[in-house]
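Just so you know, the sequences run in chain order U and G.
Quick note on numbering: my numbering labels position 126 of the first sequence as 1002, and the sequence is numbered without any gaps.
Quick note on numbering: my numbering labels position 65 of the second sequence as 941, and the sequence is numbered without any gaps.
Ideal Cβ placement from N, Cα and C applies to all residues, glycine included.
Owing to the predicted nature of the structure, the values given are computational and were not obtained by experimental measurement.
Protein chains: 2
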Amino acid sequence: MITITDVALRAGVSKTTVSHTLSGKRPVSEETRRKVEQAVQDLGFRPNILAQGLRMQRSQTVALIIPDITNPFYPVLARGLQHALVEQGYHTFLCNTDGQREQEQAFLDDVVHRQVDGIVLVPFQLTTEAIEGALAANIPVVSIDTLIDHPYVDIVRPDDTQGAREATEYLIAHGHRRIGMINGAIGVATSERRLAGYREALERAALVFDPQLVVRGNFVRQEGREAMRTLLALEHRPSAVFCGNDLMAIGAMDAVREARLVIPQDMAIMGFDDIDAASLVTPALTTVFNPAYELGEIAGRYLLERIFNEYEGERRCMIVPHRFIERDSV
Amino acid sequence: MITITDVALRAGVSKTTVSHTLSGKRPVSEETRRKVEQAVQDLGFRPNILAQGLRMQRSQTVALIIPDITNPFYPVLARGLQHALVEQGYHTFLCNTDGQREQEQAFLDDVVHRQVDGIVLVPFQLTTEAIEGALAANIPVVSIDTLIDHPYVDIVRPDDTQGAREATEYLIAHGHRRIGMINGAIGVATSERRLAGYREALERAALVFDPQLVVRGNFVRQEGREAMRTLLALEHRPSAVFCGNDLMAIGAMDAVREARLVIPQDMAIMGFDDIDAASLVTPALTTVFNPAYELGEIAGRYLLERIFNEYEGERRCMIVPHRFIERDSV
DNA sequence: ATGAAAGCGCTAACAC
DNA sequence: GTGTTAGCGCTTTCAT
């Protein structure tokens, strides 16, 4: 491994001068610049980022803490984030928590001690106290889509409530009166907001809210399927179901088919997210587009602005527009 | 940030002793151990991993360099990898290259200078010379599924040729005589091996290989669609097409439907990988299961064995079994 | 069983 | 415009 000392030796200058030539943080004579650049070239020198990080308290790394990268929503978000970061030479730690509190906390603490410069967090169980460690270490945190509430934590998320309301209203407009919901885990902010939108729509249409019709999944296909089975077993079952995300909607479709019912005639289904698979299933899933790429990109920009002290104000809360996607499942 | 010095001060011992108490690398009296542990507890000390890495030349980090995390094959591989690594406290840098040589090379060089302890590489354009930097820095590399050929680089991959042969033979067994292939980019090892399997099957069945019937996509849906359009425009078009991966197969299905043809009657289609979407499309895609999770997990184990010098031999080449998945698209 | 001190590779006062 | 030196937080000789 070539170090800055090797370069200094070869160029016949001090380490300091090499450092400054590379960083441009202080003027260097033309002659010296040439010699240093030549030496760097000859030796193929690249600074050791660990050493740089230790010295500058800046690791050029951010952490992306999400439930599960195999949920197709997150890879898109990850690419959006990386798009924002790559120009600044930033790299990303990928952390899968499976939505479990201990894992969320463990990763959070872990990356703090790895001196990451910023954290993008999709917290499922975590609440505000959990991020104290990060804030104490002066590491900016952007929370996607959830329940962290702190004056220095920026929020970037879709308008879940509004999206869920539109979805439910669409079902109502199609003549459905008994509408179920398959929701994410309890206490998860996303779940609660989407539930709120569902309830709002019912209320506005003067439909009664029946708690029996709200079943919890955990944002995964298999639990969506089980939830739909529960709904189908109901004495007075719904004619339409709004699902908290597309994965659960696809699971719900599995259960409907198993019961030898037809979508949308016997059961209308709506999702949320508009992952690729939504347009692949038959019938294609009517859903609400959740702008994953943009969420990631904006989160990245917010983080960089905080890291470079370009923004030092109070919490920002960016609500990124969703879009209604009409297909064939209603 | 709490440092080891703070702990030493509080426990009334030297930094050295704190370090050794924590690492267990030399005996410590019961009394001292107690005091140190208490101090660690009180202060909430966690070692700074950057500093540790600088000193020990070990960053507790590996890099996963892949074409694109939004290709559903890779998230599964990523989780397999992380499953192998998490117990050792390892984190993963996620690098998306889009299969472009410059980006592959850039990330590779970059992570070398970040002192990663290991690299899992899915190289599309890269050849053996490109990894010299990593090997010179003594960083183990595991190559998934491709063309790196070096005595110290372990390979973990599916049996592409055999899988492709089985797929093509299945089409032949179903009476198809004119069989096309939509393949990945030229020069990519995976593409070439799958092509070889396709050709082997034709040969064994005494069918003539027609270069016109092999169209290149780039492992993405949109290009699969375009490739299928090309095949459909042929004067004497195929009755079945084997696709280099599921994403292209799904794109091919798009094109078949656009042409108002019916799968599998007018056109049989096979894929490769068995991503989740393969079972979601209609008709469900007949394909070859590619064991992404296992590939990632084994790659992780191989890496750790090299990192900890538990294995120091020549290249290992693990061929992980695939599985034929019969569905409805043939 | 414990500690002092050197040093991993880098940057940044502080000199000159 | 350039160099000397200290030190980021840690591990590890080498002493005792």
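Bridge partner(s) assigned by DSSP for U:ALA939: Stepping through the first sequence from its first residue, residue 939 of chain U is reached at position 63. The partner list for U:ALA939 (beta bridge, DSSP) reads U:PHE969 and U:ILE995.
Where G:GLY956 falls: helix, strand or coil (DSSP): Along the second sequence, read from residue 1 onward, the residue named residue 956 of chain G stands at position 80. Correct three-state label for G:GLY956: helix.
8 Å Cβ cut-off: residues of chain G touching U:THR968: Your numbering for residue 968 of chain U matches position 92 in the first sequence. Correct list: PHE969 and LEU970.
Complete runs of the alpha helix (DSSP H) confined to the segment 1152–1190 of chain U [at least 4 residues]: The qualifying runs are 1168–1183.
Nearest-angstrom Cα separation, counted from G:ILE878 out to G:ARG910: On the second sequence, position 34 is the one that residue 910 of chain G refers to. On the second sequence, position 2 is the one that residue 878 of chain G refers to. C-alpha separation (whole angstroms): 19 Å.
Counterpart residues of U:PRO1114 in DSSP-defined beta bridges: Here the question's residue 1114 of chain U lines up with position 238 in the first sequence. Its beta-bridge partners do not exist; DSSP assigns none.
Sub-8 Å separation of G:PHE1148 and G:CYS1119 beta-carbons: Mapped onto the second sequence, residue 1148 of chain G falls at position 272. Mapped onto the second sequence, residue 1119 of chain G falls at position 243. Yes, they are a contact pair.
U:VAL952 versus U:ASN1185 - alpha carbon distance: Taking the first sequence and counting its residues from 1, one reaches residue 952 of chain U at position 76. Taking the first sequence and counting its residues from 1, one reaches residue 1185 of chain U at position 309. Straight-line Cα distance between these residues: approximately 27 Å.
Contact set between G:GLY929 and chain U, taken where Cβ atoms lie within less than 7 Å: Position 53 of the second sequence holds residue 929 of chain G. Here the neighbours are LEU926.
DSSP beta-bridge partners of G:ASP1149: As a working mapping, residue 1149 of chain G is identified with position 273 in the second sequence. Note: G:ASP1149 sits in a beta bridge opposite G:PHE1165.
Three CB pairs or more closer than 8 Å across the segment 1130–1141 of chain G and the segment 1129–1140 of chain U: With the cut-off at 8 Å, the segment 1130–1141 of chain G and the segment 1129–1140 of chain U do not touch.
Meets three-Cβ-pair contact criterion under 8 Å: the segment 1014–1026 of chain U and the segment 1115–1131 of chain U: no
Completely contained alpha helix (DSSP H) runs for the segment 1083–1141 of chain U, where each covers 4 or more residues: 1097–1108 and 1122–1134
Outcome for G:VAL1084 when other beta-carbon atoms lying within 10 angstroms are tallied against a minimum of 16: Locating residue 1084 of chain G in the second sequence gives position 208, where the first residue counts as 1. Looking at its Cβ environment, which holds fewer than 16 other Cβ atoms inside 10 Å, G:VAL1084 is exposed.
Other residues of its chain near G:THR1044: CB distance less than 6 Å, five sequence neighbours each side excluded: Taking the first residue of the second sequence as 1, we reach residue 1044 of chain G at position 168. Here the set comprises TYR1074, ALA1077 and PHE1118.
Whether U:GLN991 touches G:LEU926 by CB criterion (8 Å): Sequence index remark: in the first sequence, residue 991 of chain U carries index 115 (1-based). Sequence index remark: in the second sequence, residue 926 of chain G carries index 50 (1-based). It is a contact, given that the beta carbons lie within the stated cut-off.
Exposed unless 16 or more other CB atoms sit within 10 angstroms - verdict on G:ALA1082: Locating residue 1082 of chain G in the second sequence gives position 206, where the first residue counts as 1. Burial call: exposed.
Neighbour flag for U:ALA1013 against chain G, beta carbons, 8 Å: The residue labelled residue 1013 of chain U in the question sits at position 137 within the first sequence. Residue-level contact by beta carbon holds for U:ALA1013 and chain G, with a gap shorter than 8 Å.
Touch test, the segment 980–991 of chain G against the segment 1158–1166 of chain G, Cβ-Cβ under 8 Å, three pairs minimum: no
U:PRO1034 - DSSP class collapsed to helix/strand/coil: Within the first sequence, numbered from 1, the residue matching residue 1034 of chain U stands at position 158. Reduced to three states, the DSSP call for U:PRO1034 is strand.
C-beta neighbour in chain G for U:GLN958, strict 8 Å: Taking the first sequence and counting its residues from 1, one reaches residue 958 of chain U at position 82. It does: the Cβ of U:GLN958 has a partner Cβ on chain G nearer than 8 Å.
Burial state of U:ILE1195 (16 or more Cβ within 10 Å): Numbered from 1 along the first sequence, position 319 holds the residue referred to as residue 1195 of chain U. Classification for U:ILE1195: exposed.
Complete beta strand (DSSP E) runs within the segment 1012–1067 of chain U (minimum length 3 residues, chain order): 1017–1020, 1030–1034 and 1055–1059
Contact list for G:LEU1156 against chain U, beta-carbon separation under 7 Å: Against the second sequence, residue 1156 of chain G aligns to sequence position 280. The contacting residues are ILE1126, ALA1153, LEU1156 and VAL1157.
Secondary structure of G:ALA1144, DSSP reduced to three states: As a working mapping, residue 1144 of chain G is identified with position 268 in the second sequence. If DSSP states are grouped into helix, strand and coil, G:ALA1144 belongs with the strands.
Sub-8 Å separation of G:ILE945 and G:THR973 beta-carbons: Here residue 945 of chain G refers to the residue found at position 69 when the second sequence is read from its first residue. Here residue 973 of chain G refers to the residue found at position 97 when the second sequence is read from its first residue. Contact: no.
Members of the segment 940–964 of chain G near chain U, C-beta cut-off 7 Å: ILE945, THR946, PRO948, PRO951, VAL952, ALA954, ARG955 and GLN958
Spatially closest choice to G:ASN1121 from G:ALA1061, G:ARG886, G:GLN976 and G:GLN914, by CA coordinates: Locating residue 1121 of chain G in the second sequence gives position 245, where the first residue counts as 1. The candidate whose alpha carbon is nearest that of G:ASN1121 is G:ALA1061.
Proximal chain G residues relative to U:MET877, where beta-carbon distance stays under 8 Å: Here residue 877 of chain U corresponds to residue number 1 of the first sequence, with the count starting at 1. Those are ALA1013, listed as they occur along chain G.
Exposure of U:ASP1150, with buried meaning 16 or more beta-carbon neighbours within 10 Å: One-based indexing of the first sequence puts residue 1150 of chain U at position 274. Buried: at least 16 other Cβ atoms inside 10 Å.
Contacting residues, own chain, Cβ-Cβ under 6 Å from U:ALA1116 (five flanking each side not counted): As a working mapping, residue 1116 of chain U is identified with position 240 in the first sequence. Sequence-distant Cβ neighbours of U:ALA1116 in its own chain, meaning closer than 6 Å and more than five residues away, are LEU1047, HIS1052, ILE1055 and ALA1144.
As assigned by DSSP and simplified to three states, the class of G:ARG934: For the purposes of this step, residue 934 of chain G is taken as residue 58 along the second sequence, with counting starting at 1. Judged by DSSP in its simplified three-state form, G:ARG934 adopts coil rather than helix or strand.
Of the residues G:MET1104, G:HIS896, G:GLN1001 and G:ARG886, the one placed nearest G:ASP1130, counting alpha carbons only: The residue given as residue 1130 of chain G occupies position 254 in the second sequence. Nearest of G:MET1104, G:HIS896, G:GLN1001 and G:ARG886 to G:ASP1130, Cα basis: G:MET1104.
CA-to-CA distance, U:ALA982 to U:ALA954, given in whole angstroms: To locate residue 954 of chain U, count along the first sequence from 1; it is residue 78. To locate residue 982 of chain U, count along the first sequence from 1; it is residue 106. Each residue's Cα considered, the two are about 20 Å apart.
Outcome for G:SER1205 when other beta-carbon atoms lying within 10 angstroms are tallied against a minimum of 16: Here residue 1205 of chain G refers to the residue found at position 329 when the second sequence is read from its first residue. With 16 or more other Cβ atoms within 10 Å, it is buried.
Cβ-based burial, G:ALA960 [other Cβ within 10 Å; buried from 16]: The residue given as residue 960 of chain G occupies position 84 in the second sequence. Buried, since its Cβ has 16 or more Cβ neighbours within 10 Å.
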